[in-house]
Amino acid sequence: MFVSDFRKEFYEVVQSQRVLLFVASDVDALCACKILQALFQCDHVQYTLVPVSGWQELETAFLEHKEQFHYFILINCGANVDLLDILQPDEDTIFFVCDTHRPVNVVNVYNDTQIKLLIKQDDDLEVPAYEDIFRDEEEDEEHSGNDSDGSEPSEKRTRLEEEIVEQTMRRRQRREWEARRTFGPVALGVNLWPLHWRRAPGCSPVP
1 MFVSDFRKEF
11 YEVVQSQRVL
21 LFVASDVDAL
31 CACKILQALF
41 QCDHVQYTLV
51 PVSGWQELET
61 AFLEHKEQFH
71 YFILINCGAN
81 VDLLDILQPD
91 EDTIFFVCDT
101 HRPVNVVNVY
111 NDTQIKLLIK
121 QDDDLEVPAY
131 EDIFRDEEED
141 EEHSGNDSDG
151 SEPSEKRTRL
161 EEEIVEQTMR
171 RRQRREWEAR
181 RTFGPVALGV
191 NLWPLHWRRA
201 PGCSPVP
């Protein structure tokens with residue numbers, strides 16, 4: 001799910017916790033990490049920083065640390081894949097994802113318990129509607145249950161053909177949407193800087 005208030009829904013949550021930062025090896029991620037480090041040092045937040053390059057390193061690092069932390073911050077990694085499917089975390093694990101990779105995985109968008117996206121919704125995200133993505137499986141189950149009803153064969157066949165066409169179009173649109181791998185228009189530091197700016201009177205400036 002998207003975090004609407006970064007301070008209340010993100011920073012004030014992790015401020016009293018031990019957190020682990022997974023940081024990608026690019027300039028944008030390093031700049032955002034510097035901002036968070038300045039905030040954490042100012043507020044004495046306990047954190048561990050782990051640089052990662054690619055999914056194999058992320059998976060390995062998560063397996064090594066998952067028993068020690070419940071809160072994970074992913075900087076410029078994690079948004080465009082199904083995190084829960086890849087990492088298989090415990091149910092009480094929370095991921096805060098600050099990432100410019102696009103498109104954002106729809107499972108991350110519609111998971112409102114473990115995935116918290118630190119991404120401004122005014123970006124051009126073009127996220128498909130929930131019904132267009134997840135109702136296919138429900139409809140498939142309905143088809144299997146309706147095969148034994150008393151409808152006329154020709155009527156059932158026509159209805160089924162129409163629904164198959166609709167499902168095919170939706171799945172094609174989803175594949176096209178997911179194929180547009182790119183970066184968002186706003187740097188990570190721009191999203192996180194307001195947190196530091198509001199906290200600045202008691203903090204050292206970011207190096």
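Anchor point for the sequence shown: position 100 equals 100 in UniProt numbering, and the numbering is continuous, going up by one each time.
The beta-carbon is built from N, C-alpha and C at its ideal position, and this holds for glycine as well.
Item, Value
"Inter-residue Cα distance where the pair is residue 129 and residue 107", "11 angstroms"
"The alpha helix (DSSP H) enclosing residue 62, as first and last residue numbers", "55–65"
"Same chain, Cβ closer than 6 angstroms to residue 43, neighbours up to 5 away in sequence not counted", "15"
"N- and C-terminal bounds of the alpha helix (DSSP H) containing residue 34", "27–42"
"Contact set for residue 25: own chain, Cβ-Cβ below 8 angstroms, skip 5 residues either direction", "51, 52, 53"
"Spatial distance of residue 121 from residue 57 (CA atoms)", "29 angstroms"
"For residue 97, the first and last residue of its enclosing beta strand (DSSP E)", "94–98"
"For residue 73, the first and last residue of its enclosing beta strand (DSSP E)", "71–75"
"Chain-order list of residues whose beta-carbon lies under 7 angstroms from that of residue 62 (same chain, five-residue window excluded)", "87"
"Enclosing alpha helix (DSSP H) for residue 110 [first to last residue]", "106–110"
"Buried versus exposed call for residue 159 [16 or more other C-beta atoms within 10 Å across all chains shown]", "exposed"
"Cβ-Cβ distance between residue 73 and residue 21 below 8 angstroms", "yes"
"Whole-angstrom distance between residue 97 and residue 113, CA atom to CA atom", "13 angstroms"
"Same chain only: Cβ atoms within 7 angstroms of residue 3, ignoring 5 sequence neighbours per side", "9, 10, 116, 117, 118"
"Beta-carbon contacts of residue 109 that lie in its chain and below 6 angstroms, excluding the five residues immediately before and after", "127"
"Those residues which DSSP pairs with residue 115 across a bridge", "95"
"Residue 33 vs residue 94 beta-carbon contact at 8 angstroms", "no"
"Residues bridged to residue 158 [DSSP beta-bridge criterion]", "Looking at the DSSP assignment, residue 158 forms no beta bridge with any residue, so it has no partner."
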